[in-house]
Amino acid sequence: ALLAGVDDPKQLAELSKGRLRNKKDELELALQGLFRPHHALLLTRILAHIEFLEESITECEAEIEVMCRPFAKEIELLDTEPGVDKRSAQDMVAEIGVEMGQFPSHKHLCSWAGISPGNNESGGKRRNGRTTKGNKWLKAILVECGHAAGRTKNTYLGSQYARLASRKGKKRAAVAVGHSILEGAYFIIRDKVPHRELGVNYLNEINKKHIIRHHVRRLESLGLKVDIQGLPLVA
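Each residue of the sequence shown is one higher than the one before, counting from 1 in UniProt numbering.
Here is the structure:
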């Protein structure tokens, strides 16, 4: 609109979209000023550069699609993991390949990636520590996927993220969930199977007795007598 000669702040503010439509008064104030020819020249070049970048991205994406065709099955299977989309699945395959025989176990893969031991949780047991040096590109992908998985509903990974974020913060939670995603990716690629959802209450179920006994001990430490049928009291 500016390049077309429209310089009225009110008219320009009417072109706003999304959340900015609720801030038209502020936009009108911000758009007051002089728009000179050299400003138009700079804006023209900026828009041309953005168009060039978009065309370049489109060309690169087309080439990536061609190069990923031999690994289409693995990419499709990885896409079934919460937090992992097609692009991140392609990135993961590009970094770790599809031959899991080069890693004796999922732990070796996580160690190689530099996202182990980290702040991860397995079987209800928390193991804290610093992530090791490794593949920084893969780590970045996994952390991004960890955040995305944290936004999913009714998933084990979403539950894991929420539980850890409340205690350790979102960044460390994303690293831990990224660790879980990579563990899952190892078996998905190795066995050529889709993601198996464990469910929100997975850890609570497998640790039910542990949780009960923990609370029994806490209550008894307060001098209370607790009798739970079917579960022997722990001194």
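Glycine included, each C-beta is placed from N, C-alpha and C at the ideal position. Just so we're clear, the structure is a prediction, and the values are computed from it rather than from any experiment.
Less than 8 Å between the C-beta atoms of D91 and I141, yes or no? Closer than 8 Å, so yes.
Contacting residues, own chain, Cβ-Cβ under 7 Å from L12 (five flanking each side not counted): The answer, listed in chain order, is A1, V6, L31.
Backbone secondary structure at E99 - three-state DSSP: E99 falls in the coil class under three-state DSSP.
Return the chain-ordered list of same chain residues with a C-beta closer than 8 Å to the C-beta of A40, the five sequence neighbours on each side being excluded. Exclusion of the five residues before and after A40 leaves L2, L3 as the residues of its chain whose Cβ lies within less than 8 Å of its Cβ.
On the DSSP letters alone, give me the boundaries of the alpha helix (DSSP H) that T44 sits inside. According to the DSSP assignment, T44 belongs to the alpha helix (DSSP H) that extends over 37-68.
Among A72, P194, F187, N204, nearest to P104 - alpha-carbon criterion: Among A72, P194, F187, N204, the Cα nearest to that of P104 belongs to F187.
Based on Cα-Cα distance, which residue from H210, G33, P82, K171 lies nearest to R151? When only C-alpha atoms are compared, the closest one is P82.
Secondary structure at R218, three-state DSSP: helix, strand or coil? Helix, per DSSP.
Helix, strand or coil at G118 [DSSP, three-state]: Only weak support is given to the placement of G118: the predicted model assigns it a pLDDT of 47, under 50, and the value that follows is read from those uncertain coordinates. For G118, the secondary structure class from DSSP, reduced to helix, strand or coil, is coil.
Segment contact, 8 Å Cβ cut-off, at least three pairs: the segment 42-58 with the segment 168-177: No, the segment 42-58 does not touch the segment 168-177.
Where I228 sits in the DSSP three-state scheme: Here I228 sits in coil by DSSP.
Under the assumption that P194 contacts L77 (Cβ atoms under 8 Å), give the Cβ distance between them as a whole number of angstroms. Contact check for P194 and L77: beta-carbon distance about 5 Å, within the 8 Å limit, so the pair qualifies.
So is E51 in contact with chain D if we call contact Cβ pairs under 8 Å? Although the question refers to chain D, the structure presented lacks it and comprises just one protein chain.
When the Cα of R87 is compared with those of E99, I64, V98, which residue comes out closest? Closest option to R87, Cα to Cα, is I64.
Who are the near neighbours of L182 in its chain, counting only those whose CB is closer than 7 Å to its CB and skipping five residues on each side? Excluding positions up to five away in sequence, the list reads L109, C110, A113, I115, L142.
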